[in-house]
Amino acid sequence: MKNCNKPPLFSMVSFLSLACLIDVMAVYYVPTDKILLNCGGPPEATDNDGRKWESDIGSKFVPSSSKSSTSSAAQQPFIPEVPYMTARIFQSEFTYSFPVASGRKFIRLYFYPASYNGLDASNGIFSVTAGSYTLLRNFSAAQTTKDMNYDTMMKEFSVNVVSEVLSVTFTPSANISNSYAFVNGIEVVSHPDIYSTDGTVMVLGRSTGFNIDNSTALENVYRLNVGGNYISPTGDTGLFRSWKDDVTYIFGAGHGVTETNDPNVTFNYPSGMPSYIAPLDVYKNLRSMGPNASVNQNYNLTWDFTVDSGFFYLVRLHFCEVTDVITKLHQRVFKIFLNNHTAEKEADVIGWAGSNGVPIYKDYVVQVPSGSPQQILWLALHPSTESRPQYYDAILNGVEIFKVNNTRGNLAGISPSALLEPKGDDSSARASSGSGQSNDKAIIGGVGGGIAAVLFVGVFVCFVSISRKNKKDSSTSNGWLPLSLYRNSHSSGSVKTTTTGSIASSLHVNLCRHFSIAEIKAATKNFDEALLLGIGGFGKVYRGEIDGGTKVAIKRGNPLSDQGVHEFQTEIEMLSKLRHLHLVSLIGYCEENCEMILVYDYMAYGTLREHLYKTQNPPLSWKCRLEICIGAARGLHYLHTGAKHTIIHRDVKTTNILLDEKWVAKVSDFGLSKTGPSLDHTHVSTVVKGSFGYLDPEYFRRQQLTEKSDVYSFGVVLFEILCARPALNPTLPKEQVSLAELALHCHNNGILDQIMDPYLKGKIAPECFKKFAETAVKCLSEAGTERPSMGDVLWNLEFALQLQKSAEESDKGIGEMNTEEDVTCKEKKDPDASSGFDGNITDSKSSGISMSIGNRSLASNDSNGLTPSAVFSQIMNPEGR
């Protein structure tokens, strides 16, 4: 038996002296150099964190003979103005020269790909060097942000400056015609040498030490506050680092639980550990596996990170016991695994730190071998059952992952040009230099084997891009992501592959049907435009027939669309596992030749919006509208409570509620859906996505998603149905643009009936109107906790329908209602016999409904620019999602 009272060795700990603990307040680091350059911007500007940025126009950092230009981007909602709204554009090599003190510097580059000076954003392909280091090569900010569902991004590097002049050079790609370089902001901040290793840190799986010294450049690819919330640059310790939450990177359903510091615990930094290593907020919360020992022994708490192949990575893990329960050795002992290597067999935070409330960190080096352009770096925790600790559990407070430059000073990953044009071993791993270290040469993935090898790589990249989760982190990629091959295969005539089936293996092939491209072409008569039903953000939707006459709707992904692999995969993963009367049914998919095609049941009556405004369809009766509301609510209620895990739709709107041939409402479009929080969590922290006008304001402010975000969006839908006007109408006066705000104002002032659909005047029973309005208003409550559950919404709507029916039966309070017109959905005509329905209908500007409050017009002109789709609808401005 091992001596349980003996703490584990400290060989991997980046500081050794823990004997003397001092109780200190967090001390901020004061950087020698702090340069915030707003490229092309005004003389002085302040960002959302209150930091002041200077302009590079006329700056001493820009050579007087510079050949560059500046430009501004069109202001977009949700995008910070500083430093993203202005840029400097280079059409030839350009160098910024920063006079700085010698020592380590963070270099942060900010990018917002947009059309500057009329240039095509997709042509912004360039390389960036800092002194002798290559930071980016053939980098496309436009491609990277699209593939990662981000509008903006920031890349962070750490380099050592010796000559007291830091030169950052931008060079347009020589291999791409009309290419140019650009940058929106540059940040240069001194930082202490806190990421060095002295050679005692071993490469996992090997017996050689690894040295990170002043000759090493680093790129931060992940920095996470595990179990906590986002920490802004001003919330850091003077180093202006951003710490994101870790929820997006947790693998599988085992999220564990989050814990925050006990108020009785005093935080002390060990002697020799600077308090600016990480913010105290990182150490004051953690993620553990949970209180159930039997459950914990049967799963790993796992995170997965997409990284570039062919590099060494420094992985820094932060730990601190934050409760007054864990105070002794051997109470919580666990294993740490990194990329199938055992990093720690008996991790005991109390043993390392000496006490609870004492921060500690440990460094590891992992080699990711060459091969496919990107691979997954795994981090997993598991209780050390062999040690028989008091608690079978594991914890983690923070993670930092840095890419280490290779032997030629390169930090850039493989780009498509490197894949298609055999060159040197740019992705070869850096071999640690110094005493006692080996000069290992990494094996390079074979890309010079002729056309056959190129085709293989292209197919493999398609497979990787679809089979992996889309990591929404702006710092994971240094070049074009794999999806670029999919887009280029259609848009620029580059290499195509005819190999089939490579993507299907990663999808739910046993749960939905896989169609060949030949079957799809036969069903649509080779995508005959005469069968076009509509166009959405993802692509075109066609009417088709399969299996001898079964009508289907076929959605074909547009390779130039801003929506792609992630939405395609999410739609399949969600709908292939869900079956419900009020959810649109996915029949199958096709992914040959890197096509992305989805096949659905045909929805004969199209979208709900097509029957509310700007349409030639006859208006829906009130009872029919109520039944549609109830059907949609049932579908959403099932998503929230009936599936194995809570599913949050995240894009509820009238164009995503479809109507079949029996007028049954079905919720559609699961491209943005997210699995909701576990029982131990209240929310999912995630990047804000959705459609303007329907977006939950609390979710937008806090980036914390719950099922109540769907409830808010559904409240907007309810008012859209009642008022027959779009959620946003910018042609109206400012106070009337937002339907949600207008409806709440009118309800609070007792004039809601003045903005309802004129067709419904006198046709809604007063008690029904009151119950419906109260339900919709509660859905729009500012705080999610004050909104009803979807189950409560469903109950209230069914009650409202009963009130309506009861009033009609007793003929009380209905006024001059024409009962022959006010039929239920089931009593309406067959779609083929309806004179008002046309699958190819276009918006009719002359059919908008006009109403007013006082003398102000409330013309219901739709403003979202969507072409009606009988099957699938997306917002036409995907940047808003």
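Residues -26 to -1, 1 to 855 (mature numbering (1 follows the signal peptide of the UniProt record, and there is no 0)) are what the sequence shown spells out, left to right.
Cβ coordinates follow ideal geometry from the N, Cα and C atoms, glycine included.
Only a predicted model underlies this, so the values are computations on that prediction, with no experimental measurement involved.
{"Check": "Mark residue 585 as exposed unless 16 or more other C-beta atoms lie within 10 angstroms of its C-beta, in which case mark it buried.", "Outcome": "buried"}
{"Check": "Any idea if residue 821 is buried or exposed, counting beta-carbon neighbours within 10 angstroms, 16 or more meaning buried?", "Outcome": "With a pLDDT of 30 at residue 821, under the threshold of 50, the predicted position of this residue should be treated as unreliable, though the coordinate-derived value follows. Flag for residue 821 reads exposed."}
{"Check": "Name the DSSP bridge partner or partners of residue 121?", "Outcome": "Beta-bridge pairing links residue 121 to no other residue."}
{"Check": "Roughly how many whole angstroms lie between the Cα atoms of residue 623 and residue 642?", "Outcome": "9 Å"}
{"Check": "Assign residue 292 to one of three DSSP states: helix, strand, or coil.", "Outcome": "strand"}
{"Check": "What's the call for residue 455, buried or exposed, on a 16-neighbour Cβ count within 10 Å?", "Outcome": "Here the model assigns residue 455 a pLDDT of 28, short of 50, so the residue's position is not dependable, and the following value carries that caveat. It is buried - the Cβ of residue 455 has at least 16 other Cβ atoms within 10 Å."}
{"Check": "Using three-state DSSP, classify residue 46 as helix, strand or coil.", "Outcome": "strand"}
{"Check": "With residue 564 as the anchor, note down where its alpha helix (DSSP H) starts and where it stops.", "Outcome": "Careful: residue 564 lies outside any alpha helix (DSSP H), inside the beta strand (DSSP E) at 560 to 564."}
{"Check": "Report yes if the CB atom of residue 142 is closer than 8 Å to the CB atom of residue 69, and no otherwise.", "Outcome": "yes"}
{"Check": "Can you tell me whether residue 761 is helix, strand or coil according to DSSP?", "Outcome": "coil"}
{"Check": "Tell me, please, which residues DSSP counts as bridged to residue 287.", "Outcome": "340 and 377"}
{"Check": "Among 186, 270 and 486, which one has its Cα closest to the Cα of residue 876?", "Outcome": "Since the first and last residues shown for the chain are -26 and 855, residue 876 lies out of range."}
{"Check": "If I follow the unbroken beta strand (DSSP E) through residue 857, where does it start and stop?", "Outcome": "Look at the range of the chain in this structure, -26 to 855, and you will see that residue 857 is not part of it."}
{"Check": "I think residue 607 touches residue 767, with their Cβ atoms under 8 Å apart; what is that distance to the nearest whole Å?", "Outcome": "5 Å"}
{"Check": "Considering only residues of the stretch 121 to 149, which uninterrupted beta strand (DSSP E) runs meet the minimum length of 3 residues and lie entirely inside it, listed in chain order?", "Outcome": "127 to 135 and 139 to 146"}
{"Check": "Can you grab the Cα-Cα spacing for the pair residue 646 / residue 545, in whole Å?", "Outcome": "8 Å"}
{"Check": "With C-beta atoms as the reference, is residue 334 less than 8 Å away from residue 305?", "Outcome": "no"}
{"Check": "Excluding the 5 residues flanking residue 297 on each side, which residues of the same chain have their C-beta closer than 8 Å to its C-beta?", "Outcome": "233, 235, 236, 239 and 330"}
{"Check": "If we ignore side chains and look at the alpha-carbon of each, how far apart do residue 172 and residue 125 end up?", "Outcome": "39 Å"}
{"Check": "Which residue from 207, 67 and 783 puts its Cα closest to that of residue 23?", "Outcome": "207"}
{"Check": "Could you pull the DSSP bridge partners for residue 108 from this structure?", "Outcome": "103 and 384"}
{"Check": "Closest to residue 519 by C-alpha separation, out of 502, 374, 99 and 382, would be which residue?", "Outcome": "502"}
{"Check": "Closest to residue 371 by CA distance: which of 287, 85, 253 and 621 is it?", "Outcome": "253"}
{"Check": "Going by the DSSP bridge assignment, what does residue 26 pair with across the sheet?", "Outcome": "20"}
{"Check": "State the beta-bridge partners of residue 580 as determined by DSSP.", "Outcome": "Paired residue(s): none; residue 580 is not in a bridge."}
{"Check": "Between which two residues does the beta strand (DSSP E) containing residue 70 stretch?", "Outcome": "68 to 73"}
{"Check": "From which residue to which residue does the beta strand (DSSP E) around residue 213 run?", "Outcome": "No beta strand (DSSP E) holds residue 213; DSSP gives it neither H nor E."}
{"Check": "Within 10 angstroms of the Cβ of residue 594, are there 16 or more other Cβ atoms? Answer buried if so, exposed if not.", "Outcome": "buried"}
{"Check": "Measuring CA to CA, which of 134, 99, 357 and 388 is closest to residue 346?", "Outcome": "388"}
{"Check": "Going along the chain, which residues of its own chain have a beta-carbon closer than 6 Å to the beta-carbon of residue 6, five neighbours each way excluded?", "Outcome": "75 and 164"}
{"Check": "Under the rule that 16 or more other beta-carbon atoms within 10 Å means buried, what is residue 699, buried or exposed?", "Outcome": "buried"}
{"Check": "Does the beta-carbon of residue 16 have 16 or more other beta-carbons within 10 angstroms, so that it is buried, or is it exposed?", "Outcome": "exposed"}
{"Check": "Tell me the DSSP secondary structure of residue 628 in three-state form.", "Outcome": "helix"}
{"Check": "Near residue 505, which residues of its chain fall below 8 Å by C-beta distance, leaving aside the five closest residues on each side in sequence?", "Outcome": "498, 499, 516, 517 and 518"}
{"Check": "At which residues does the alpha helix (DSSP H) containing residue 597 begin and terminate?", "Outcome": "596 to 611"}
{"Check": "Could you give the first and the last residue of the continuous alpha helix (DSSP H) run that contains residue 675?", "Outcome": "671 to 676"}
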